[in-house]
Amino acid sequence: MSATADHAETNLAVRLGFQPGMVVQEIGYDDDVDQELREVIEQATGTELVDEDYDDVADAVVLWFRDDDGDLTDALVDSIAYMEEGGSILLLTPKTGREGYVEPSEIGEASTTAGLSQTKSINAGKDWNGSRLLTPKGAAKKR
18 MSATADHAET NLAVRLGFQP GMVVQEIGYD DDVDQELREV IEQATGTELV
68 DEDYDDVADA VVLWFRDDDG DLTDALVDSI AYMEEGGSIL LLTPKTGREG
118 YVEPSEIGEA STTAGLSQTK SINAGKDWNG SRLLTPKGAA KKR
């Protein structure tokens, strides 16, 4: 049964767009993050997450954000600074009732202001909700 649960969680990372060989930058790491989700992403990509000091281009970003972490729009804009064109951000925020909870309307407004589009929201663990945010389609290669 454990193997099935592991497979289901790995599938969650794949459904969120994480693929083998991707460089995933993690921003906002702290003691409260969901370690299981981090491991599932690393399993799906086959690489360790790189930290916020990484200064090369990343394929995707995992952004842990809490209400007292500052301005969400600024955090999103900073997250895409070193991201590959067409990349995605997995924005993780505390669930309702948890310390640091961020209103969904704030996520929507900050995403739009940062030029990102929200594709899906997920239950990302016991204490975290996730929102997958994409950079503009104009970043895709033209034929």
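Per this note's numbering, the very first residue in the sequence shown carries number 18; after that it's consecutive. Backbone N, C-alpha and C fix where the C-beta goes; we use that ideal spot for every residue, glycine too.
Query	Result
Sort Leu133, Leu80, Gly103, Gly132 by Cα distance to Asn146 and report the nearest one.	Leu80
Note down, in chain order, each residue of its chain lying with its Cβ closer than 6 Å to the Cβ of Ala30, except the 5 sequence neighbours on either side.	Val57, Ile58, Ala61
Just the Cα atoms here: how many angstroms apart are Arg83 and Lys112?	10 Å
Entirely within the segment 59-120 and at least 3 residues each: give me those beta strand (DSSP E) ranges in chain order.	75-81, 100-111
According to DSSP, simplified to helix, strand and coil, what is Val57?	helix
Would you mind reading off the limits of the beta strand (DSSP E) that contains Gln42?	41-44
Between the segment 126-143 and the segment 38-47, do at least 3 Cβ pairs fall closer than 8 Å?	no
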